[in-house]
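Asks: To convert, note that position 101 of the sequence shown is 101 in the working numbering; the numbers rise steadily by one, no gaps.
The beta carbon of each residue, even a glycine, is placed where N, CA and C say it ideally should be.
As the structure is a computational prediction, the values presented were derived from the model and not from experiment.
Structure incoming, see below.
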Amino acid sequence: MTPSPLQLERHFFSKVQIDAGPANKPGVANALLCELEIGQAVEDPKRFQVVLRLKLHSPPDNTASYTGEIHAVGLFKVVDGWPDNRIGELVEANGAAFLYGCIREMVLNVTSRGPWPAVTLGAVTFVQPKTKPASTASVSLLPQEAVKS
Numbered sequence: 001m002t003p004s005p006l007q008l009e010r011h012f013f014s015k016v017q018i019d020a021g022p023a024n025k026p027g028v029a030n031a032l033l034c035e036l037e038i039g040q041a042v043e044d045p046k047r048f049q050v051v052l053r054l055k056l057h058s059p060p061d062n063t064a065s066y067t068g069e070i071h072a073v074g075l076f077k078v079v080d081g082w083p084d085n086r087i088g089e090l091v092e093a094n095g096a097a098f099l100y101g102c103i104r105e106m107v108l109n110v111t112s113r114g115p116w117p118a119v120t121l122g123a124v125t126f127v128q129p130k131t132k133p134a135s136t137a138s139v140s141l142l143p144q145e146a147v148k149s
């Protein structure tokens, strides 16, 4: 096991809002909307701020047990020696994946103390296929089946 070339300096949540619906409807998975924003420090081009915003919606024509929105912010630094032409790809994929994991745990923690069964967000990837150019704008996730525990 080796340390990641993307080192976390700090992370925090700038918004945590989870609303319990009026009734539990077993089997209704949330629709997820994910936005990713990446900023690069002017004074140090190897330092980045990554913001991941996740919205949990009810799917069309149905009502999920929980809805809400969570924003996570991470401050990262790329280690010396990492190829410059791969920095953007590293920050986008690994930074977003780290923050998604933090959000996933927060959703599980908050919903496990609610009136309905806890929500565990499904696994996703932020690695872009080689045929698509890397983007730092926004990423939309298709609705994912949430696992209720």
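#1: Specify, as a first and last residue, the run of the alpha helix (DSSP H) that VAL107 falls within.
#2: Indicate whether the contact test is met: 3 or more Cβ pairs, each with one atom in the segment 44-60 and one in the segment 97-107, closer than 8 Å.
#3: The beta strand (DSSP E) with GLU9 in it runs from where to where?
#4: Quick one: using the 10 Å Cβ neighbour count with 16 as the cut-off for buried, is SER135 buried or exposed?
#5: At the level of alpha carbons, what is the spacing between LEU36 and ALA93?
#6: Check for me: the alpha helix (DSSP H) holding LEU90 runs from which residue to which?
#7: Work out the CA separation of LEU75 and PHE48 for me, nearest whole Å.
#8: Here's the rule I'm using: 16 or more other beta-carbon atoms within 10 Å means buried, otherwise exposed. How should ALA29 be labelled?
#9: Taking 8 Å as the limit between beta carbons, can you name the residues of its chain near ARG10, skipping five residues before and five after?
Replies: Let me lay it out:
#1: Counting along the chain, the alpha helix (DSSP H) containing VAL107 begins and ends at 96-111.
#2: As far as the Cβ criterion goes, the segment 44-60 touches the segment 97-107, which means the pair count is three or higher.
#3: Start and end: 6-20.
#4: Because SER135 sits at a pLDDT of 46, beneath the cut-off of 50, its placement in the model cannot be relied upon, and the following sentence gives the value as read from the coordinates. So SER135 counts as exposed.
#5: Their backbone Cα atoms lie some 10 Å apart in a straight line.
#6: Per DSSP, the unbroken alpha helix (DSSP H) holding LEU90 starts and ends at 87-90.
#7: Between the alpha carbons of PHE48 and LEU75 lies a distance of about 6 Å.
#8: Looking at its Cβ environment, which holds 16 or more other Cβ atoms inside 10 Å, ALA29 is buried.
#9: Shown here for ARG10: same chain residues with a beta carbon closer than 8 Å to its own, the five before and five after excluded, namely GLY74 and LEU75 in chain order.
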